[in-house]
Amino acid sequence: MTNLKNRFYVSGVFLRKFLFGRDPSELILSVLIGLYVVFFSVISYLKFDSFSYGDYDLAYFDQIIWNILHGSVFSSILGIVFLGNHMQLIWFILAPFYWLFPHPLTLLFLQSLFLGVAAYPLFLLARGFLGSRWGTGVALLYLLYPAVAFLNLFEFHPSAFLPLFLFSALYFFHANRFTSFLIFLFLAVSCQENIALAALGMGFYAFFSRRSLRWVIVPVLFGAIYLLVSIKLIIPRLNNDTSQFFSLYHHLGGSVGEIFVNLLKHPVAMARFALSGPRLSFLADLFGPLSFVPLLGPLPLLSALPLFAQHLLSARITQVMIQYHYTAELIPFVFAGFIFGIKNLLKLDLVKKNQPALILALSVFFLAFSYFRGPYFHLPRMVGTALKKDIYDRNKEDLLKKIPPDAPVIATFEFLPRLTHRKELYSFHHQYTGRYTLSNNAYRVPDTVRYALIDFKDPLTFGSFYQPEGYKNIQELLARGKWGVVDARDSTVLFVLGVSDKYGLYRILQEEPEPQHKMNVPVDDDVAFLGFDIEGANRHFFHITFYWESLRATQKDIHIFIHFTDENGKIRHEVVRPVCYGIYPTNAWVPGERIREDAYLTIPPGLPPGRYNISMGFYDYRTGTGFYVNPRDALGRVFLTQSVFD
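All residue numbers for the sequence shown refer to the numbering used here, where the first residue is 591 and numbers rise by one.
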């Protein structure tokens, strides 16, 4: 044991060794870390530049740290002091650094930097037990680990700092450096209150490692006090019952005490739930890339058991998906288990003599899981498509320029990160659902809001949060005062309070419509498409007016798709949109009503020149059922017009 401690100690101080170490393995690792940080920083920039951050995490945290620098701890997005959502003291530590470069990209860079540099303490930990070559290999596996890549790709979250802090805590634990261990343990816990469970686990880890009493008692007391003060005093006092995280565990019991009793009384039922389909897949995604070797080094995993239980017993399915940030607190213990698992395997003479075969088997397993379950093999395609800035992104930038820098604004998800440096920023999904996130409390956006930037095709708002009656909450907002449409492009609309409309979206007609192109096509006997007007169909933008009639009341939420088909019959461009922007969907129409809808569509400049047939189809958004209104067309579409694009 003494020799092992000496090996850890001669690894040296973190920063000095990382920058100036003479071990060739450290130099190789420095290059690998640098490549990782640069690669994911570039990917993060491309995501930001192409409006590909589709949730509110990045915006929420960026506004928090901006508010701290401006003397406030309030989050307008959640409507509470941010410490009432999670006890994340780390923001007070990071705020001075953010002050140097106040921009959401700073957080994204820090996320890539922290995740990359975390490979170094992991390397030191592995080298202490397995030697430099294994240490480099383990660090490389971490840098390519699917869950780490997904963590870096999904939004931003302070949990991304946990691998660095927890790997460092584990390293200093085994280096027998108590003060350094406590510093990094505190930094880890400061990222979020539930990481206090890791501190408790480290106390038990120390007990089973036969450490002196201070290694056991201090982490346990620190973790227990921090957790209790956070969840019993500070968070409830500042939360005002707005974010109801306990609702994620209501299926286990009505209170913490009841859940604990049920765990003791019904362990088989609890285990069955924790190991059900998606949760078992989650465990496979964590352990599979490492060939399940961490199970051979179980002590670190046992110390993280409360964290595993928190996720496996939650009703929120995203907590058991590696595509989100919830793996951050588990990854360090999984890799610590991997190190001890390899150490135990190498005790076997057969394995020790055939290490190349072991490395080959580990590599094959890792590559197989990475290919089927990881993002790396798909990123090149994403860079060329989803992350490539296009005319639609430039349209969004033009709309953002029309919002004053300090104006109170409500917006859909992809716009939020661009609007964070203001006191009043609100997420449109709260207004649409009528509830705060994870809450039964009714939501009402403040009357101080003057701008609303809404993409009515936002995939999260109108996908995961979709509800057939959600349009009523949109109408409620727009009924407050005179909201004028100052710009509309494709499915995105900029509303400003107190101004006149520059663009029309839809209106109920009192007179018989007279479309330029009459159609009168019934859509499943519920709605009739009466015809359309079209302007400027050979330019980059064109205006098309649809005329509709409600034939009978329906529960269907009919959406349309418009295809631009070239002379060879190939679909070159597709537009999918809700009827009347989803503000007045077909399931709200009154029989006999006639409605005019105006759409302002962008023709992408990359569309090859030529003659195009423009056709339109219909489907029910709620069920995905298509309506084949034209039996002569393979997709049931109706032909609208033909146009030449230069």
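Using N, Cα and C, we set each Cβ at its ideal position, and we do this for glycine too.
This structure is a prediction, so every number in the text was calculated from the model and none was measured.
- For secondary structure counted as the alpha helix (DSSP H) over 4 or more consecutive residues, the segment 654 to 736 holds these complete runs in sequence order: 680 to 690, 694 to 707, 709 to 720, 722 to 734.
- When the beta-carbon positions are compared, residue 902 and residue 910 come within less than 8 Å of each other.
- Counting along the chain, residue 972 sits inside the alpha helix (DSSP H) bounded by residues 969 to 974.
- When Cβ pairs closer than 8 Å are counted between the two stretches, the segment 1074 to 1092 is seen to touch the segment 1028 to 1045, the count reaching three or more.
- Under DSSP, the beta-bridge partners assigned to residue 1232 are 1203.
- If you look at residue 1155, you'll find it isn't in any alpha helix (DSSP H); it sits in the beta strand (DSSP E) that goes 1148 to 1155.
- When DSSP states are grouped into helix, strand and coil, residue 1176 belongs to the helix group.
- Counting only runs that start and end inside the segment 723 to 798, there is no beta strand (DSSP E) element of at least 3 residues.
- Taking 8 Å as the cut-off, the Cβ atoms of residue 829 and residue 1031 do not count as close.
- CA-to-CA, the gap between residue 683 and residue 689 works out to about 11 Å.
- The three-state secondary structure of residue 813, taken from DSSP, is helix.
- Listed in chain order, the alpha helix (DSSP H) runs fully inside the segment 1035 to 1105 are 1061 to 1068, counting runs of at least 4 residues.
- Of 806, 799, 765, the smallest CA-CA separation from residue 789 is found for 806.
- In the DSSP assignment, residue 899 falls within the alpha helix (DSSP H) that extends over 895 to 902.
- Residue 1019 sits away from residue 977, with the two beta carbons spaced by 8 Å or more.
- In the three-state scheme derived from DSSP, where H, G and I count as helix and E and B as strand, residue 639 is classed as helix.
- DSSP, read as helix, strand or coil, puts residue 844 in coil.
- In this structure, the beta-carbon distance from residue 1010 to residue 639 does not fall below 8 Å.
- Secondary structure of residue 1219 (DSSP, three-state): coil.
- Of the residues assessed, residue 1204 falls on the buried side of the cut-off, its CB having 16 or more other CB atoms within 10 angstroms.
- Residue 1210 is bridged by DSSP to 1148.
- Rounded to whole angstroms, the gap between the alpha carbons of residue 827 and residue 662 is 17 Å.
- Considering only 1177, 643, 1184, 1076, the residue with the shortest C-alpha distance to residue 1103 is 1184.
- As the crow flies, the alpha-carbon of residue 878 is around 30 Å from that of residue 697.
- DSSP places residue 1121 in the uninterrupted beta strand (DSSP E) bounded by 1117 to 1125.
- DSSP, read as helix, strand or coil, puts residue 837 in helix.
- In the DSSP secondary-structure assignment, residue 1015 is bridged to 999.
- Contact between residue 1171 and residue 1068 is absent: CB atoms are separated by about 11 Å, not below the 8 Å threshold.
- With fewer than 16 neighbouring CB atoms inside 10 Å of its own CB, residue 962 falls in the exposed class.
- Comparing C-alpha distances from residue 1160 to each of 1131, 1201, 1176 shows the shortest one belongs to 1201.
- Under the DSSP assignment, residue 919 falls outside any alpha helix (DSSP H); it carries neither an H nor an E label.
- The C-alpha of residue 1001 is placed about 13 Å away from the C-alpha of residue 1012.
- As a beta-bridge residue in DSSP terms, residue 1108 pairs with 1121.
- In this chain, residue 1004 is not harboured by any alpha helix (DSSP H), its DSSP state being neither H nor E.
- The Cβ atoms of residue 635 and residue 745 do not sit closer than 8 Å to each other.
- Here residue 950 is exposed. Its C-beta has fewer than 16 other C-beta atoms within 10 Å.
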